[in-house]
Structures are given as structure tokens and as C-alpha cells.
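Top line first, the protein sequences correspond to chains A and B.
Using the working numbering, the first residue of the first sequence is number 1, and each one after it goes up by one.
Using the working numbering, the first residue of the second sequence is number 760, and each one after it goes up by one.
C-beta atoms are modelled at their ideal positions from N, C-alpha and C, and glycine is treated no differently.
All of these numbers come straight from a predicted model, not from anything done at the bench.
Structure, as C-alpha cells:
Protein chains: 2
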Amino acid sequence: MKQYLKNHEWQIIEEGFDSHLNRVSESIFSLGNGHMGQRANFEETYTGDTHQGTYIAGVYYPDKTRVGWWKNGYPEYFAKVLNAPFWIGIQINIAGQELDLAKCKVENFRRVLDMKQGLLSRSFEATFADGKKVAVNAQRFCSMADGEVGAIKYSITALNFSSSSKITLAIDADVVNKDSNYDEKFWDRVYEEAQMGWAIVNAQTKKTFFQVCTGMEYRFESGGQKAGGKVFTNTKDKYADNLVEMELKQGVELTIYKYAAILSSENHPKEKIVKNCLAKIDATAKKGFQQLLNDHAAVWAHKWEECDITIDGDIAAQQGIRFNIFQLMQTYTGDDPRLNIGPKGFTGEKYGGSTYWDTEAYCLPFYLGTSDPSVARQLLIYRYKHLPKAIENAKKLGFKDGAAFYPFVTMNGEECHNEWEITFEEIHRTSAMAYAMRDYVEYTGDKNYFVDYGLEVLIGISRFWAQRVNWSADKNKYVILGVTGPNEYENNVNNNWYTNYLAAWTLRFTQEAIDYTKNADAAKYKALTEKLNFNEAKETAKWADIVSKMYYAEDKTRGIYLQQDGFLDKELINVADLPAEDRPLNQKWSWDRILRSCFIKQADVLQCIYLFEDDFTKEQIKKNFDFYEPMTVHESSLSPCVHVILASKLGYKEKAYEMYLRTSRLDLDDYNNDTEDGCHITSMAGTWMSIVKGFGGMRIRDGKLYFSPYIPEHWNSYSFRIEFRGRVLKVKVAKEKTEVILESGDHLSIVLNDKEVSL
Amino acid sequence: MKQYLKNHEWQIIEEGFDSHLNRVSESIFSLGNGHMGQRANFEETYTGDTHQGTYIAGVYYPDKTRVGWWKNGYPEYFAKVLNAPFWIGIQINIAGQELDLAKCKVENFRRVLDMKQGLLSRSFEATFADGKKVAVNAQRFCSMADGEVGAIKYSITALNFSSSSKITLAIDADVVNKDSNYDEKFWDRVYEEAQMGWAIVNAQTKKTFFQVCTGMEYRFESGGQKAGGKVFTNTKDKYADNLVEMELKQGVELTIYKYAAILSSENHPKEKIVKNCLAKIDATAKKGFQQLLNDHAAVWAHKWEECDITIDGDIAAQQGIRFNIFQLMQTYTGDDPRLNIGPKGFTGEKYGGSTYWDTEAYCLPFYLGTSDPSVARQLLIYRYKHLPKAIENAKKLGFKDGAAFYPFVTMNGEECHNEWEITFEEIHRTSAMAYAMRDYVEYTGDKNYFVDYGLEVLIGISRFWAQRVNWSADKNKYVILGVTGPNEYENNVNNNWYTNYLAAWTLRFTQEAIDYTKNADAAKYKALTEKLNFNEAKETAKWADIVSKMYYAEDKTRGIYLQQDGFLDKELINVADLPAEDRPLNQKWSWDRILRSCFIKQADVLQCIYLFEDDFTKEQIKKNFDFYEPMTVHESSLSPCVHVILASKLGYKEKAYEMYLRTSRLDLDDYNNDTEDGCHITSMAGTWMSIVKGFGGMRIRDGKLYFSPYIPEHWNSYSFRIEFRGRVLKVKVAKEKTEVILESGDHLSIVLNDKEVSL
């Protein structure tokens, strides 16, 4: 845990330069616009510890799988987020000395991420070995108004000297991926050109043949006037630059504007990509920094209007929730169904592939609640498009007849993870796609999604479950053997309660979707059954049989559901009784010890109760929460939010607040000492849920909104906005009262604290 | 499965050259002498598909661990058998053309491994592109009389031409390991020298700094006379040779004798290793090929006298058992307690480390039954010496107070395997060390081994078990959670019956050893308790409590023990009902599917019943065999022998014979299509056990030998010898009668077919 950032309502502020924190700050101060992103690396040369990262959505590399012991069924490659051409570089050389914060004396260093307008600023004074001192002020952003554009304003002032300087403005595609399996570079050269005033590099990924064409133009201003110098152009393999020689005059600010256009062959034909890039960079430079920034900030203003959450009386909590929302918004914008939400977004490359079940289980509710339904719908369509791959994936594992098994990690629908206990056994994820539809339909009322896309996916998933269960003659029930539940501190267990519950629910839900679809569009339904070779009578009869005879492990004495068969054979110990030096378990204990212990990484039984809350009485929820939560170590970033929501429901306000802090400032305070690898983007949606569903008590039941808000002790008030079936509601919770305001849309009746209220 | 070798009582014969079978033959025709070994690579250049392999016992390299996803507790490296300097090379160049069976036309190719004297012969005729034709006759061996010596006799005759030739005699340490994790080379140069008539290369392993100094001398004979030619010497990095220019005269046989001395710094001080090597190679060459061969063959003759098994009426079975014995004898000779028996011996480098529980569970009985007790004792001492590492290994996994957890794979006592489900969870192996002691004591009567070494090991292992069990409040029993049993087609299961049984037995056995030791040598016992800080009263009370309250899963209705909790939830299907195209499962099914199926890789419940046969009634054994064997796929080479033994006991003669064939010709017929990686050395001991304990029905009970032999239908008779407490017995089983002859040693009373017989 590190607490070095200043609290501020709208800003993340770092004061003073500590090179040991640099990688953490590089993650936290990252910028993105849904199409590309950039870690908070410095523009100028930095020879200290850094993790340089530029990422472009949808551009990946299938890195050859690395395992110790191959298991049949492993995928051949692991699709990785790709470190992409570095476009921010502005090297400053003054009288033969390179400006490099690792080598200069640094004073008054200040880095600010202004979340309101998505602007990163940095200022500092640096003194060279020979005593020359400069002041630097840098700003940059990735345009939310144009996903292919980035802009930098970099000002430098010679404080105690005048001297010649060399300023190099580069595009560099000769980059490496930190977690390349075999230390390979992933880019091939295609084209580079440097002319006075601009440079361009077109590079292509190996194997996947994505092209990314990156161009830059620049302008100089000195003392408010356009300025220039002697220009040298230079290209080499996957690299192009302009070197400009200029005089720095003491006390006169020199400002460099660097404009970049980053085009991907996903959006431009390869034969036109260079031309389009040149045109784009030209138009961008003509617009100029301020106009670009205005356009960008306007988009952010609109976004904040939709999704801001205010907290009065707790500035750290306010900063935390805004940081989470900010990161989510700059990671995914919902305008391209080929994209998804990587676990690190554009802030790092760990965990490779872009899509986990995090998207459906955690992120979807956030986008449903804060954005136009089309955004969440894109996420559903993304999985619909991957259905053929999910069927292929199931086939590889021995399933047949159109069974669909969604991958644990993917870029293009193919599985790319390679741990048998996860890849093959953490099978609950395939039903996350079904639950996402339920969420989507509840928020939006758009049941026609079943007809157009949903049912096809549901039938595939249900077919998977129908094959994956087996009949236990011993138990006279259907069982599900050899799985890993959401709690990944158990592997290869039998009858994980969550998995069994979810499987049976999926089969029932699919039946509902069949009934709806038949009714809504009989012709489409008929066409679908033919396309899928779906024998409704036979298949649904089997499903109904499974639903009615599914086995659920429970302990009736304690009134709890059992996480899996045999759970009660463990020594049941509370986390509170663990020695502090044993935590976190995943760094201190060997894997077998974790597995045979009772300790729970993240909500498992409680995850199920959270998802299907209305299936259980409050008493049941309480008993399970009281049994499982004390054994939960929350060593997954996805864990605390579920506990905030359930604890809130049970009136465990202190526990809820404790868990909220853990989720909301996870990265800002580097809670798990791993923010240097990137931020925990997908779990950030859990912070939003913690407030809205936890403290706000929001639920949707049969198309109706329910709220039962309360306010954490330390807060004066909080507010959030909700998109719901064409309306926008603003909910303001203060100590003394709750206001729900219908900001737009038709009349609506909601339930507030168990009372029907008409808006 | 491939059946291309000719049947012969004493020889393995390959006729005709098929390059596709070359790697398989290279494994099968391997030579070794307990100290070094050599795959059956060709002396001359071969550019076709080959796996060049020279191995030196005890010389290994800690290759950096490669995993996909690191688990806490994994070792940093995997110690690998090292491909060592190649000493057999004799390159033949005739009129500018290289003799290379991949490029010449090959006729009358014949390769013979004479197991009686441990001699590899090869003859062929090769025609070059220009029509020149030569005949070659090559013989070689690794001396059993001197573990540091190898010798080659290589004769070549020009059949239809006379021409100049260049013959290169090389030592090459610039070799690679096929399964290097990161494609690194493991040898550094130290010294190389080539002088007329000899060459020497001293090379050193990276990280481990073993030196291996390899020297060679050579002699030429032509038409029975000493011959010579123009000699060029040559050295380069890790390489030295002599190139000899000679005339080949049509019809006149040229014979090359190449003598090699291979010295390891494990046996020679580094400062003397070159000098010692030169002396050794000199003495060796002076002795000459025939004398060296005589000495070597004499050792083999003696070995065969001790351990031969004859089978009359089934030549394939006869060849099979001799091949198994031959490989075991040339892999391990028992004269160095630092050595052990690698799973591939000197025939390949797969599976890296040298020592698995195979040694104790399978190999030990073979050496006990066929060799002086000192040989088996060395194997026990080997583990005694590793006790501190076993304690360290346990500590790494969170155990304390001197608990000993023996590694799954090791070279020097440190664990080097890296699959959590094996490394951390296949814990039964640690008790294999205890069972080995029981075996040793039963065969030899040498209970003082407890006093000198054994008890210390047993206390360490028992301490491990006492910490590894946990109390299940639910079952009111001690349970063992999260293990992998011998059947590795189940991972991370609870209460594997074999493991629970073995753990409790170990605790009881340790108590017996304590009682014996206290009685035999009270002073030593006291010293030991002090050394180990052993609180006898407290610790043994805990052990007794565990023994009395251990949980054993069983199904009383079926009268079977359950392989693990929940086994009966599986769909119970017989292997016979599996589609043929699904076999072998480990190549056709994904890992999760194997895990949740009922199919058993190798004996598990039955392994326990085999080890503790007398604890069970015949009825119990029958019920368990009838239940488990039909679900067993025998996809481990260690599986069939246990089934031969139990099937024999139950009178299932056909099943026993079926399983016997599977074990005895596993490599000769390349049953699993993997002999190209090397032979299955450790499981070969199972073939010996199949005959002696299976067909021969040999048992030891309370220091007495029992036999209840029968004869497989296809055989006329068979015989084997047994070392037992200072006696040598010969057992001859024919259709009509069984003879047991006391060949040496004191009077002995045995039980033959339930009748007491005095010898």
C-alpha cells in the first residue's frame, strides 16, 4: 500500500519526484480514449525505471504459449495486448546534455491528472550537471473527440542560461512487450518517412498483420510567436524523426506542440493507411492544440454529466470513485463491437487478452447504468459474434452438437489462457453471457434482443451445460464435477454450488427466452431452430430434467450452501486469526496450502447470492454471509464490491464501508502493490456498483427500480445518476433525506425504501 | 506400436534401415555401464533424423524453470540430465564424399544388441552417389569393468574401388540438450588439445561447474597389420580431433579402434582431471579392444548369473524380460550412493531429473531380488543423504519442526518439478521412502538399518504426515485434503484412499522402528532424539491418534475402498466401452475431461492393496480389482505390473498374461509410440516383478519366503533366481512341477504352494 497522492475532488496529484514510484504513477496517470491509450511515460528521455506502454484497441499479437507441462487442449498461443509505436517522444538536448530526470536534479515536480477534462499535466524544474536549469510544463491528452488523435503541449524555459538546443520529435515502432513469452519483438517495418515538419512510421504486427500507421507534425512557439530552427530528418528501421536545432534564450518560454495521428488497419484499408494518416495529421495540426482540447473536454463534460457520482464530506472517497469512472470511460466507449474491456485497459499489458468474464459480471452494469443502452448492447454483440468460436472451443474439449463454451481469456473469441484449472475448469464464465442478457433486458426492457441475437447464444450455452453435467447414480442427482468456481483458491472441485446454481438457472432462462421468442416472432424462431438443428422437445425436456434434479450441496444445520462438496472437511479459520505476515496468501503460501485451506479469494457462494438475491430470504443471505465472509481474503480486486452490496443489504454498515474503501482506492493507494503493472480496470466498475447497488440499494425487479439508500457515517451526502429504460434519474442521498429526480424521460414509478413513489 | 525387431533369446536385432525408426532404435540399442551411457547414434556422420545423446551419471544442469503461470512454491530450476561430450564420432570421407546413411544407398543394414555381453554391432553396405560402395562393420561397448571407458571397433572395406580417404576421430563437447527450456547450451570450454594419435576436451557445465574430461586414442589396422596415414590435428571451442588421410584399397578391410576415457569431476579433482584422463586413455588403448571386451563381457556374465530369467516356449517373452533386465543392469550398478535410476536411464533425456518414487516403488525390489544387499542399500542411503533437503523442501511449503517432504523429481535432493498438482500434491511419494525400508528389511533382515539411518528418515516423514492431515469436525476423523494419488488422472482430490492408508501405515511403521531402535541401541536412540529434538511421548501420541482416527472412504455395499471422496459421483464406464479412437486418453482428451472421468491411469487403490496385500482378504482384493481394473487405461508404464501380480493372485491368468505382455515389450514394440524419447527404465523392474511376484507368486512374510507359482498357458517353463538373506535360490517352474533349489547359503525353510518346504 502506498499513499503518496494528494486528495482532490477532480484531480490526481503527485508532488515531488520519486523514481521508485514512477511505474505506479505511469499506470495511474494513464490516458485513453477507448481506441488507444498511453501510460504516463515522460515525453523526454528517461533512463530510470520505466515501463513504456502505448496500446491500440484491437491490435494484438498471438504469442506462442509457454507452459512447463503441456496439457492436451491448451491453445497454441496467448493473444496479447500489444505495446504499440511510441508517439509522445520529445527529446531535449541542451548544449550536449540530454534532459533526463534520472540524471538531472529535479525540483518542484508536479503531475496532475485532471479527470474533468481528461488532461495530463506535468511541471518540474531540472538542473543539469553543469548547473544549467530549465523549467518544463507539459500537457497532453488522447482525444475523446477523435479516437485516432493525440496532442502534446510541451513548454521549456531556460532559467539561468542561453544556449543552443536540439529537440528531437520522434515516432518509434521498435518497441518491446514487457511480458513477451520468448523475448521476441512483435513489429515488422512497413514504411517510414521523415520530411521537414513531419514524420510517419507504418509498422505491421507479425503473424496477425495488423498495420498501425503513426504520424506526427509539430509547431514551435517562442514568446507567443511562431518559431523555427534548423531541421534534420532521420529515418531508420521502424523509426522516423525530425531533429530541430534552436536557440533557447534565458527566460523565454519555448513551446512545442506535437500532434499525432494513430491509424489502425482495423479501420483503414492498408493501401490507404499512410495517405489517410498524413491527411489526418495535417488536419489535426491545423486545428491546433487549444481547439483539439476544447473538443476533447466537451466530450468529457458530456460523459461526466451522464455518469458522475458526487460524495460530500469524504474527499478521498470522492476522488476514488471519480478515478474509477474516469478510467472506465476512457477504456471503453461502446462504439465498436470488436472491442472490449481489458483487465488493465490501456494502463498496462498484464493478463494479455482483452476479454474476461469481468466484462459481463462487473462492467456491464456500470455501462447499463451510465450510458446509452447501445453501449452495453455492443458488449453483448461482441460475444454474439464470438459464438462460432465458442462452439469451436467447446468442440476442442470434446463437446458436440453446437455446445458453446466461451473462453476465459480472449481477443478474437478463441481461448488463449493456459492453466487447465482455469482454462478448462472455470466453466461458470460461459453463463456470464446469459446473466449479462438478463441484466441488459432488465435495465432496458429490450426483450427483442433474444429474438435478434440472444437466444442463439443461450441455446449454445445450455447445450454445453446439458453435456457438462453428469448423472450421479450415487446421489440420484445431476452433478458437475471438476470445476473451479469464482473463488480461484479452490481448483478442480465437485459441485461448486455457484456453478451448479448458475447452470440450472441458465437452462431455465433459456426456456424463458425460447418462450418469448416463439411468441414474438414465430418465423424467426423457426428459422433459428433449423439453423441450429435445435430439437426443442427433446433438448428442453432434458434441460428441465437437469433443472429439477440438480444437486446442491448444503449444510442444513448451519443453514448454508456449501461452496463445494467436502468444504466442511476443512479446518474453518477466520482470516482475522491469520498472522499478518502470512498475508497476502498468494504471495506467502504455496499453492497446495491455499487450496486445502478454507480461505476464499473472492465471493463464490456469495457471488451467486448477489446475482440471484431475490431467490433467497434475508435470513439465508445473513447465514451465508456470516459464514463465508470471515474466511474471505479478498485477494481478487473483484471481491470487495460484492461484499459491499450484501453487507449493505444486511445492515453491516461498517463492513460495507471497509470493503468500499478497498475497492475505490485500490489503485490510487496501490493496495496490492501491483499497480505498477497497470490499473485494475474491470474491477473499477465494482466501485460504481458499491455505491449504486450497495449504499444506494438500487435493484431492478420485474422492470421496476427499487432504492433503499443509506449513507456511510463519514459522508454528508452523495448522488448518482441512472439511465433506465429511456429515463435519466438523479438520486441524491443526504443524512436526512433521499431525493430521486427524473431528469429526462417519461413518467416512472419506483419503489423507494419499500414505498411506491411516482416520479 | 511398432514391431520391427526380430525375436531372439539373447539379442535385439534390426534388419534393414528405416530412417523413420531411427530414433526408436537409438533408444532401444542404447548402451550404458551405470556411470555413462550412449544412445545408439552412428559413429559416422548422419544428417537424417537423430537424437544424439551421451549421458554421464550425476552430471546435470539446473535449467531455469519454464511455466506459464508461476505458483508460489515452485522451484527456480529443473535439474536436467545433461547431454555430454560426444565421444563416438568417426567421420569417413571418401574421395570428397561423406559417408552418411541419410545420403547413401544402404543395403544389408543389420544392428544387433548382444545382451549377453553388452555389445552393440552394426553392419551395412553403402553406395555413394558416384557408385563407390563400402562395407562397414562396427562394434562398441561402454565397459562394465571400468565405468570411465568406451571402445569402438569400426571396420570399413572398399568393395568396388580404391581411393584416398579422410577419417576424422573427434571429441565434441559443443552439444545441445533436446529439451533445454530456453534453447541454451549448457557447456563451457575449459581445455582442448589434439596431438597426433590423441585428442582431449575438458568442458564444464554452466552453473553447476561439473567438469567432464573426454579423451580418445585410436589405432588403425589394415589387412591384419598396424596401419597409419597422414595426420592433421585440429581444435576449436569445445572440440578436438585427428584427421587421418589413408588409402582405401579395394577388398582390404581397414579397422579403426577408437578408445575413449570419460572422467567426471565428481570422481577426479579438477586440477588433475586432464592428467588422469590422459593416463586412463593411454592405459585403455594399450589394453586393446579384445581385452577390454573380455573384461566387460566377464562382468556381464556374472551379472546374468545373478539375475537372468529364462522362459521356455515364448521367445518374444524371453527377449522382453532379458531386455528389461539388461537395461536395468546397465543403468544402475549400486556402487555410488550419489547416483540413482533416471526414468530414461542413459537412453534419453526426457523427464529431466534422475530420481522419482519409481526407484523405491518399482526398482528397489528388483535390485533386492537380484543383487547383493549393498546395491539396494545404496539406494536407501541416497535418500538418507537427501534428508536435509527434504526437510528444506517441506519448509518451503509451510511445514515445520523437521517434517520431511521428499521431492517428486530430483538430482541432488532439491525438488525440481513444477506442476502444482504433482510437485505439491502428489505427496504419497514421501512415504515410498518408508516402504522401501520395509522392503529392504524384509529381504535382508537388516533391521539395524533403522538404527544407523532409517529411523531419522522415518521420523521426518511421520512429522510431515502429522502436519499434513487435518481434523474434520464434519467427519469426526482425520482427513487428507488436496492430494494427487498414484493415479495422476485425478488431481487435487480429498482423502485419496491410498494416501490416507499409506500415511497411517507410515506412522505405525515409524513406531515399530522406534521400538526396535530403543531396544537395539538405547544410546544411539537417545542421541537421535536429541539431534532431532524429538519429543517421543507427545509426537507418538499424536501419531497414534491419527492412526486410530484416520478417515477411509469406502462403499460398503460394493465392498470397495473409494479411490477418493466423491468417486462414485462419476459416470462409471469400462475402458472396453470406450471408442478405440479415444485412446490413449492422454493424447485424445482434454485434461478436464480425463479428470472428471472414472478412468484410471495406473493402479491407485490397487497399488495400496498390492503393497499391503496381507491386510486384505482375497474377497476384498477381488472386489476392488473387479471394480477398478476395468476402468484402468494403464497409460503409465508403471501400471501393468501391479495388475499382473494381483490378477495372478486372483487366478485371472489371461488378464495377468495380457498385462505381462504390455509391460515386458513396452519399448521393444514401442507400445506407447514414445520410445524415441528413451526407454522406460524404471518400469522395467515391474516386468521382473511380474514374473517373480506375479507368475511366481513370491512373497516375503515375517522373514519367510513364499511361492505359489503358475505358468502362463503359452510357456513351457520359466526360471528365476532370488537373493534372500544370504542365500541364492533358483526357482524353476514347469507345467508339471516347480523346483526350488538353494544354490548357495544356509539351510532355509520356505512355503511353496501353502506347504512348508525345507531346502
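Problem - Counted within 10 angstroms of its Cβ, other Cβ atoms place residue 552(A) as buried (16 or more) or exposed - result: Start at 1 with the first residue of the first sequence, and residue 552(A) comes out as number 552. Exposed.
Practice task
Helix, strand or coil for residue 1136(B), going by three-state DSSP, please let me know.
Solution key: Locating residue 1136(B) in the second sequence gives position 377, counting from the first residue. Note: residue 1136(B) maps to helix in three-state DSSP.
Practice task
Within the same chain, show all residues whose beta-carbon is closer than 6 Å to that of residue 1262(B), passing over the 5 residues directly before and after it, in chain order.
Solution key: Mapped onto the second sequence, residue 1262(B) falls at position 503. These residues qualify, in order along the chain: 1224.
Practice task
For residue 586(A), return the contacting residues in chain D, with the cut-off set at a CB-CB distance below 7 Å.
Solution key: The chain inventory of the structure shown lacks chain D, comprising the protein chains A and B.
Practice task
Identify the continuous alpha helix (DSSP H) that holds residue 465(A) and give its terminal residues.
Solution key: Counted from its first residue, the first sequence places residue 465(A) at position 465. Looking at the DSSP string, the run of the alpha helix (DSSP H) that includes residue 465(A) is 455 to 468.
Practice task
Report yes or no: do three or more beta-carbon pairs, one from the stretch 1432 to 1450 of chain B and one from the stretch 1103 to 1113 of chain B, lie closer than 8 Å?
Solution key: yes
Problem - Distance, residue 1200(B) Cα to residue 1092(B) Cα - result: Your numbering for residue 1092(B) matches position 333 in the second sequence. Your numbering for residue 1200(B) matches position 441 in the second sequence. Distance between the alpha carbons of residue 1092(B) and residue 1200(B) is about 20 Å.
Exercise for the section: Starting from the Cα of residue 727(A), find the closest Cα among 163(A), 746(A) and 524(A) and give me that residue. Expected result: Residue mapping note: residue 727(A) aligns to position 727 of the first sequence, counting from 1. Comparing C-alpha distances from residue 727(A) to each of 163(A), 746(A) and 524(A) shows the shortest one belongs to 746(A).
Handout entry: Beta bridge counterpart(s) of residue 230(A) as assigned by DSSP
Key = Taking the first sequence and counting its residues from 1, one reaches residue 230(A) at position 230. 245(A).
Problem - Given 8 Å, three or more beta-carbon pairs between the stretch 1031 to 1045 of chain B and the stretch 959 to 968 of chain B - result: yes
Handout entry: In DSSP terms, what residue 1282(B) is bridged to
Key = For the purposes of this step, residue 1282(B) is taken as the residue at position 523 of the second sequence. DSSP lists no partner for residue 1282(B).
Practice task
Compute the Euclidean distance between the alpha carbons of residue 1387(B) and residue 479(A), then round it to the nearest angstrom.
Solution key: As a working mapping, residue 1387(B) is identified with position 628 in the second sequence. As a working mapping, residue 479(A) is identified with position 479 in the first sequence. Cα to Cα, residue 1387(B) sits roughly 21 Å from residue 479(A).
Problem - Boundaries (first-last residue) of the beta strand (DSSP E) holding residue 882(B) - result: In the second sequence, the residue the question calls residue 882(B) occupies position 123. Run containing residue 882(B): 878 to 886, per the beta strand (DSSP E) assignment.
Problem - Interface flag, residue 1037(B) vs chain A, CB-CB below 8 Å - result: Working through the second sequence from its first residue, we reach residue 1037(B) at position 278. So no, residue 1037(B) is outside the interface.
Practice task
Report the neighbours of residue 1355(B) on chain A: residues whose CB is nearer than 7 Å to its CB, in chain order.
Solution key: Translated into positions along the second sequence, residue 1355(B) becomes position 596. Proximity of chain A to residue 1355(B) at the Cβ level (cut-off 7 Å) is accounted for by 481 and 482, in chain order.
Problem - Partner residues on chain B for residue 67(A), Cβ-Cβ distance less than 7 Å - result: The sequence position of residue 67(A) within the first sequence is 67, counting from 1. Per Cβ cutoff of 7 Å: 826 and 827.
Exercise for the section: Kindly indicate which three-state DSSP category residue 1376(B) falls into: helix, strand or coil? Expected result: Counting from one through the second sequence, the residue named residue 1376(B) turns up at place 617. Three-state DSSP puts residue 1376(B) in coil, outside helix and strand.
Practice task
Could you list which residues in chain A have their beta carbon closer than 8 Å to that of residue 1432(B), in chain order?
Solution key: For the purposes of this step, residue 1432(B) is identified with residue 673 of the second sequence, where counting begins at 1. Simply none; closest approach about 15 Å.
Practice task
Give the DSSP-derived three-state secondary structure of residue 331(A) in the structure shown.
Solution key: As a working mapping, residue 331(A) is identified with position 331 in the first sequence. Residue 331(A) falls in the helix class under three-state DSSP.
Handout entry: With 16 other Cβ atoms within 10 Å as the buried cut-off, status of residue 176(A)
Key = Locating residue 176(A) in the first sequence gives position 176, where the first residue counts as 1. Its Cβ having fewer than 16 others within 10 Å, residue 176(A) is exposed.
Handout entry: is_contact[residue 1179(B), chain A] using C-beta, thresh 8 Å
Key = Taking the second sequence and counting its residues from 1, one reaches residue 1179(B) at position 420. It does; some Cβ of chain A falls within 8 Å.
Handout entry: Extent of the continuous alpha helix (DSSP H) to which residue 309(A) belongs
Key = Sequence index remark: in the first sequence, residue 309(A) carries index 309 (1-based). Unbroken run through residue 309(A): none, as it is neither H nor E.
Problem - For residue 325(A), the three-state DSSP class (helix, strand or coil) - result: For this step, residue 325(A) is matched to residue 325 along the first sequence. Note: residue 325(A) maps to helix in three-state DSSP.
Exercise for the section: Run down chain B in chain order and give the residues with a C-beta less than 8 Å from the C-beta of residue 571(A). Expected result: Counted from its first residue, the first sequence places residue 571(A) at position 571. The contacting residues are 1229 and 1230.
Problem - Element boundaries [alpha helix (DSSP H), containing residue 1443(B)] - result: In the second sequence, the residue the question calls residue 1443(B) occupies position 684. Run containing residue 1443(B): 1440 to 1448, per the alpha helix (DSSP H) assignment.
Problem - Short Cβ contact (8 Å threshold) for residue 216(A) with residue 154(A) - result: Counted from its first residue, the first sequence places residue 216(A) at position 216. Counted from its first residue, the first sequence places residue 154(A) at position 154. No, the pair does not count as a contact, with Cβ atoms beyond the cut-off.
Exercise for the section: Enumerate in chain order the residues of its own chain whose CB-to-CB distance from residue 1375(B) is below 7 Å, with the five nearest sequence positions on each side excluded. Expected result: For the purposes of this step, residue 1375(B) is identified with residue 616 of the second sequence, where counting begins at 1. Excluding sequence neighbours, residue 1375(B) sits near 1368.
Exercise for the section: Consider the Cβ of residue 357(A): report whether some Cβ of chain B lies at a distance smaller than 8 Å. Expected result: Along the first sequence, one-based indexing puts residue 357(A) at 357. Output row for residue 357(A): interface = no.
Exercise for the section: Please check the pair residue 569(A) and residue 562(A), which I expect to be a contact at CB under 8 Å, by giving their CB distance rounded to whole angstroms. Expected result: Sequence index remark: in the first sequence, residue 569(A) carries index 569 (1-based). Sequence index remark: in the first sequence, residue 562(A) carries index 562 (1-based). In this structure, residue 569(A) and residue 562(A) do not form a Cβ contact; the two beta carbons are roughly 10 Å apart against a cut-off of 8 Å.
Practice task
Closer than 8 Å by beta-carbon distance: list the chain A residues that pair up with residue 1358(B), in chain order.
Solution key: Numbered from 1 along the second sequence, position 599 holds the residue referred to as residue 1358(B). In chain order: nothing, as chain A lies at least about 13 Å away.
Handout entry: Classification of residue 803(B) by the beta-carbon crowding that lies within 10 angstroms, buried from 16 upward
Key = For the purposes of this step, residue 803(B) is identified with residue 44 of the second sequence, where counting begins at 1. Looking at its Cβ environment, which holds 16 or more other Cβ atoms inside 10 Å, residue 803(B) is buried.
Practice task
Check distances from the C-beta atoms of the stretch 545 to 574 of chain A to those of chain B and list, in chain order, the residues that come in under 7 Å.
Solution key: 565, 566, 568, 569, 570 and 571
Problem - Beta carbon proximity, residue 1156(B) to chain A, threshold 8 Å - result: Numbered from 1 along the second sequence, position 397 holds the residue referred to as residue 1156(B). Answer yes: the Cβ-Cβ gap between residue 1156(B) and chain A drops below 8 Å somewhere.
Handout entry: Strand pairing of residue 259(A), partner residues [DSSP]
Key = Here residue 259(A) refers to the residue found at position 259 of the first sequence. DSSP output for residue 259(A) lists 151(A) and 217(A) as bridge partner(s).
Handout entry: Three-way DSSP call (helix, strand, coil) for residue 1501(B) in this model
Key = Numbered from its first residue, the second sequence carries residue 1501(B) at position 742. If DSSP states are grouped into helix, strand and coil, residue 1501(B) belongs with the strands.
Exercise for the section: Spell out whether any CB of chain A is found under 8 Å from the CB atom of residue 1256(B). Expected result: As a first step, residue 1256(B) must be located in the second sequence, where it is residue number 497. It does not; no Cβ of chain A falls within 8 Å.
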